[in-house]
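Take a look at the structure set out below.
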Amino acid sequence: MTEVLRATGVTKRFAGIVALNDVTMAIDEGERVGLIGPNGAGKTTFFNCLLGVLPMDGGSVAIAGKDVTGVAAYRRVRAGIGRTFQRIELFPDCTVRDHLLVAERVRRGTGRLWKDMIGLGRPTSAELAQCDQVLGLLGLLDLADEPIERLSLGQGRLVEVGRALMTEPKLLLLDEPSSGLDRSETSALAKTLQEVQREQGFAILLVEHDVELVTSFTERSYVLDFGRLIAEGPTREVMASKEVRDAYLGNFEVKS
């Protein structure tokens with residue numbers, strides 16, 4: 001099995017407060033891994049360190065065996081990290097296809113803002129074909145020319161996933177994808193993600209407060225509390241551990 005992520009000793013401080021304390025994690029190709037913990041545990045900070053959005057105070061990050069520690073965020077994307085956001089980050093006046101097209105140009109490094117501003121940045125047939133292929137996988141092809149503002153929140157979440165998939169990730173970071181969705185929308189999103197993952201073979205690291213989703217969707221999980229790892233292993237075993245229940249789950253019962 002090919003290792004797609006190796007984060008070793010990741011440490012981050014903010015004005016003397018230790019947000020991440022020597023966090024180490026490994027993920028293999030095709031895995032679905034959870035990262036859970038209470039609010040303020042450091043989960044999104046860890047994502048930002050993996051992506052290079054935040055500089056680390058210690059540790060290293062490797063993607064598919066390539067050390068990307070200290071490498072700019074856009075280069076990490078090209079190395080194989082894709083991401084969605086806890087708060088949906090879409091542009092209401094742009095179409096569904098436009099969002100994916102921007103990501104495709106970032107991946108290729110062919111985007112030129114000045115060309116777009118004077119109308120010379122028209123997409124190529126290859127770019128359009130790639131966008132439509134991903135939209136088809138996500139069941140969004142019929143909405144390709146619709147402005148984002150006309151979509152439901154669940155469809156908007158899928159557009160974010162599609163935008164991340166355009167970068168051809170080896171590892172997809174999902175930051176609370178069920179936020180704002182009802183149970184049926186969450187189930188539909190999880191099913192679509194599993195189908196697309198089987199098609200493309202990338203790994204997933206899921207940050208999520210929906211414990212039922214984490215339990216049903218992931219095979220392994222890591223648990224952060226006050227910036228340090230307190231548990232790791234098969235998800236159901238992790239959820240059943242006393243330390244995790246005391247720190248995070250309370251009286252929640254994992255369904256067998």
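Residue numbers for the sequence shown follow the UniProt record's numbering, beginning at 1 and rising by one.
Just so it is clear, CB atoms sit at the ideal spot from N, CA and C, and this is done for glycine as well.
The structure displayed is predicted, hence computed values, not measured ones.
Exercise. So, valine 207 versus glutamate 160, is the Cβ gap smaller than 7 Å?
Worked result: no
Exercise. Among His209, Ala144, Glu31, Ser179, which residue has its Cα nearest to the Cα of arginine 157?
Worked result: Ser179
For this session: Count the CB pairs spanning the region 132-151 and the region 189-205 that are closer than 8 Å, and state whether there are at least three.
Result: yes
Exercise. Is DSSP giving serine 125 helix, strand or coil here?
Worked result: helix
Exercise. At which residue ranges does the region 139-222 contain complete beta strand (DSSP E) runs of 3 or more residues, listed in the order of the chain?
Worked result: 171-175, 203-207
Exercise. When DSSP labels each residue in this structure, what does asparagine 39 get in the three-state scheme?
Worked result: coil
Exercise. Is the distance from the Cβ of leucine 143 to the Cβ of valine 96 below 7 Å?
Worked result: yes
Problem set entry | Every unbroken beta strand (DSSP E) inside the region 6-31 [3 residues or more] | 17-28
For this session: Would you please state the rounded distance, in angstroms, between the beta carbons of alanine 164 and threonine 84? I believe it to be under 8 Å.
Result: 6 Å
Exercise. Would the beta-carbon of threonine 192 fall within 7 Å of that of glycine 82?
Worked result: no
Problem set entry | beta-carbon arginine 228 near the ligand COA non-hydrogen atom, thresh 6 Å | With respect to the ligand COA, the structure offers nothing, as it holds no ligand at all.
For this session: Return the first residue and the last residue of the beta strand (DSSP E) that alanine 231 is part of.
Result: 228-234
For this session: Let me know if isoleucine 27 comes out buried or exposed under the rule of 16 or more other beta-carbons within 10 Å of its beta-carbon.
Result: buried
Exercise. If we ignore side chains and look at the alpha-carbon of each, how far apart do valine 33 and proline 169 end up?
Worked result: 15 Å
Exercise. Within 10 angstroms of its Cβ, does leucine 171 collect 16 or more other Cβ (buried), or is it exposed?
Worked result: buried
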